Amino acid sequence: PMSESPDLVPRYAQMNHDYGMVLATTPPEEDGPVWMVNLMRYRERADYADGRDTDLSGREADDTYAPVDELAAVGAEIVFVGDVETQLLGQPTWDRVAVVRYPTRRSFIELQSVPGFAERHAHKEAGMEQTIVIGGRPLASPGDAASMGPDWADVPHPPTDEDGPVQVIHVLRFEESDYVETPGLDGSDADHMAAYQRGAAPVAIANGVRIAGWFGVDGTILGDGREWDQVRFNTFPSREAFMTVALDPDRLEAQRAHRETAIADTFTLIVRPVIDRLAESIKEGAPS
349 PMSESPDLVP RYAQMNHDYG MVLATTPPEE DGPVWMVNLM RYRERADYAD
399 GRDTDLSGRE ADDTYAPVDE LAAVGAEIVF VGDVETQLLG QPTWDRVAVV
449 RYPTRRSFIE LQSVPGFAER HAHKEAGMEQ TIVIGGRPLA SPGDAASMGP
499 DWADVPHPPT DEDGPVQVIH VLRFEESDYV ETPGLDGSDA DHMAAYQRGA
549 APVAIANGVR IAGWFGVDGT ILGDGREWDQ VRFNTFPSRE AFMTVALDPD
599 RLEAQRAHRE TAIADTFTLI VRPVIDRLAE SIKEGAPS
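Numbering (our numbering), first residue to last: 349 to 636.
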């Protein structure tokens, strides 16, 4: 995985130069942590710009890229990596999701000048067919409500060796009339997304949902020209637990009445985590 420097213009996405300027020029007193959410779609076979022969798959080339040391040099950390098991909504389809926490917006820009980073980037360039990289800042979410749910040992579909925890990731663009900067469970009925959450929350909580992190979009540095409003990471104890919620009649009715009205565009992904420190990384940066 994982993140891109705005000065390394890739083949696999459009650069948002306006957001690049925000990252580069935010005054220190207004700066702070940013979580870069990477949606990744791989080439079947790595394709190096220098034409070298390779037997690497696109995924293997990206694994070769993984700039852990270079990220550490600017104070950044990979806090989430997971493979997309099922994509329920949205096009194109994605293979992997990763999140990197940067201590500041500026540090994202500084990564490009770390010795060795440009050389490593050749592997990502070879492996990636398409990507979206979204900068997010944590939102006040209805996390307290979710944390009051049952222990996972007591839910109908607890984690097992065969079906462990999954992250269900929603990348959202709201209809303009429904966009709210800070989501909650107590919005007015005119706010369709809040109304949907009120309808869906009871069944989700009963089945063990935990909110790993909800992010307001600071900007999209790499993508396909689309703009996004939020990225939500909801943890379920098992895939079966999530599917139970997804198929619940009351939730489906709330979806038809409110969610479909509120959302203009979305990706919905069921992701099996390989690295998952997302919730911890948000708590570590929260005021004490």
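Beta carbons are placed, not taken as given, at the ideal position from N, Cα and C, and that holds for glycine. Note that the structure is predicted; figures quoted are calculated from it, not measured.
If you reduce the DSSP assignment to three classes, tell me which class His-518 lands in. The answer is strand: DSSP assigns His-518 an E or B state.
Run the CB neighbour count on Pro-415, radius 10 Å, all protein chains shown included, and call it buried at 16 or more, exposed below. Buried, by the Cβ-count rule.
Whole angstroms is fine: what's the gap from Phe-581's alpha carbon to His-518's? Cα-Cα distance, rounded: 7 Å.
Who are Asp-431's beta bridge partners in DSSP? Paired residues: Arg-444, Arg-620.
Would Gln-515 and Thr-616 be called neighbours here (beta carbons separated by less than 8 Å)? Judged by beta-carbon spacing, Thr-616 lies beyond the 8 Å limit of Gln-515, meaning their Cβ atoms are not closer than that value.
According to the Cβ coordinates, are Val-565 and Trp-576 closer than 8 Å? Yes, these two residues count as a Cβ contact at 8 Å.
Rounded to a whole number of angstroms, what is the C-alpha to C-alpha distance between Ala-589 and Asp-398? A straight line joining the alpha-carbon of Ala-589 with that of Asp-398 spans about 47 Å.
Nearest CA to the CA of Val-382: which residue from Gly-483, Ala-474, Arg-620? Of Gly-483, Ala-474, Arg-620, the residue nearest in Cα terms is Gly-483.
Which of helix, strand or coil DSSP assigns to Val-462: DSSP, reduced to helix, strand and coil, places Val-462 outside both helices and strands of the structure shown, so it counts as coil.
Can you confirm whether the region 497-509 touches the region 401-412 when touching is taken to mean that 3 or more C-beta pairs between the two stretches lie within less than 8 Å? Here the region 401-412 does not lie against the region 497-509, with fewer than 3 beta-carbon pairs under 8 Å apart.
Cβ pair Val-462, Met-384 closer than 8 Å: The beta carbons of Val-462 and Met-384 sit no closer together than 8 Å.
Three or more C-beta pairs closer than 8 Å, one from the region 473-488 and one from the region 414-429: is that the case here? Touching, no.
Tell whether a beta-carbon distance below 8 Å holds between Asp-431 and Val-579. Between Asp-431 and Val-579, the CB-CB gap reaches or exceeds 8 Å.
Leu-404 by DSSP, collapsed to three states: which one? Coil at Leu-404, not helix or strand.
Own chain, CB closer than 7 Å to Asp-613, minus 5 neighbours either side, in chain order: Only Arg-521, Arg-574 meet the Cβ criterion.
Using the Cα positions of Glu-632 and Ile-569, report the straight-line distance between them to the nearest angstrom. Inter-residue distance for Glu-632 and Ile-569 is about 25 Å (C-alpha atoms, whole angstroms).
Using the beta-carbon count (16 or more within 10 Å), is Leu-459 buried or exposed? Result: buried.
Quick check: Ala-394 and Ala-466, are their CB atoms within less than 8 Å of each other? In this structure, Ala-394 sits away from Ala-466, with a CB-CB distance that is not shorter than 8 Å.
Rounding to the nearest angstrom, what Cα-Cα distance links Lys-472 and Asp-572 in this structure? Lys-472 and Asp-572: Cα-Cα distance of roughly 18 Å.
Residue interval of the alpha helix (DSSP H) (run including Pro-597): Run containing Pro-597: 597-602, per the alpha helix (DSSP H) assignment.
Please classify Ile-369 as buried or exposed, where buried requires at least 16 other C-beta atoms within 10 Å of its C-beta. Per the sequence shown, residue 369 should be read as Met rather than Ile. Under this definition Met-369 is an exposed residue.
Bridge partners of Gly-571, per DSSP? Paired residues: Gln-362.
Among Arg-449, Arg-453, Gly-497, Arg-400, which has the Cα closest to the Cα of Ala-549? Out of Arg-449, Arg-453, Gly-497, Arg-400, Gly-497 has the C-alpha closest to the C-alpha of Ala-549.
Cβ of Ala-627 within 8 Å of Cβ of Gly-561? Their beta carbons are under 8 Å apart, which means Ala-627 touches Gly-561 by this criterion.
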